[in-house]
Structure formats: C-alpha cells, structure tokens
Amino acid sequence: TKAARTVGYAMNAAHSAPEPVPAQRVVNRIGLLSGKHHFDHPQRMEALLNNDGVAVENDRVVNFDRLFWDPSLELREF
Numbered sequence: 005t006k007a008a009r010t011v012g013y014a015m016n017a018a019h020s021a022p023e024p025v026p027a028q029r030v031v032n033r034i035g036l037l038s039g040k041h042h043f044d045h046p047q048r049m050e051a052l053l054n055n056d057g058v059a060v061e062n063d064r065v066v067n068f069d070r071l072f073w074d075p076s077l078e079l080r081e082f
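Using this note's numbering, you'd call the opening residue of the sequence shown number 5 and step up by one each time.
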C-alpha cells in the first residue's frame, strides 16, 4: 500500500538521522516483524523488542492490539 511504502521510505532515510530511530518498533499492521531482515541478523529485531518489554512469538508481537499506537487518535485533539 501507499502507507507502507511511505513508512519504508522514512525508515530508509532513518539511517542518516542525527538521532537514533527505534526501528524495531515499526511492525506491520497486524504486528508481524516484516522488517526483521533489515537488521544485522533476523533475530535482532525481536531481541530489541524484548529489551523494550515487548513479547514476540512466531515473529509476531504478542497483544499487538493493546500496544498499537494510532496517531489519528491523538491528532483528533487538534
């Protein structure tokens, strides 16, 4: 989708960002670790998420519906 491509472009640009970008927190719309192959080894994304306190099973975030951040909910305030 166009939204997924936009996220991909942003993540590619993140390599040159002045501040570190927590790329491990970017998962697909159903919580799958679809970007894990962009890390130095495929298990790195899961390890970083675990360090953030996020459980992962079978390459999918556990309780994703509880952890999902929907920016449109916050933008309603404006």
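Ideal Cβ positions, reconstructed from N, Cα and C, are used throughout, including at glycine.
All values reported here derive from a predicted model rather than from experimental measurement.
As a quick exercise: from His42, Arg64, Asp56, Val30, pick the residue whose alpha carbon is nearest that of Asp74.
Val30
Between the CA atoms of Glu61 and Ser38 - distance to the nearest angstrom
13 Å
I need the straight-line Cα distance from Ala21 to Lys6, nearest angstrom please.
23 Å
How many angstroms separate the CA atom of Asn55 from the CA atom of Gln28?
10 Å
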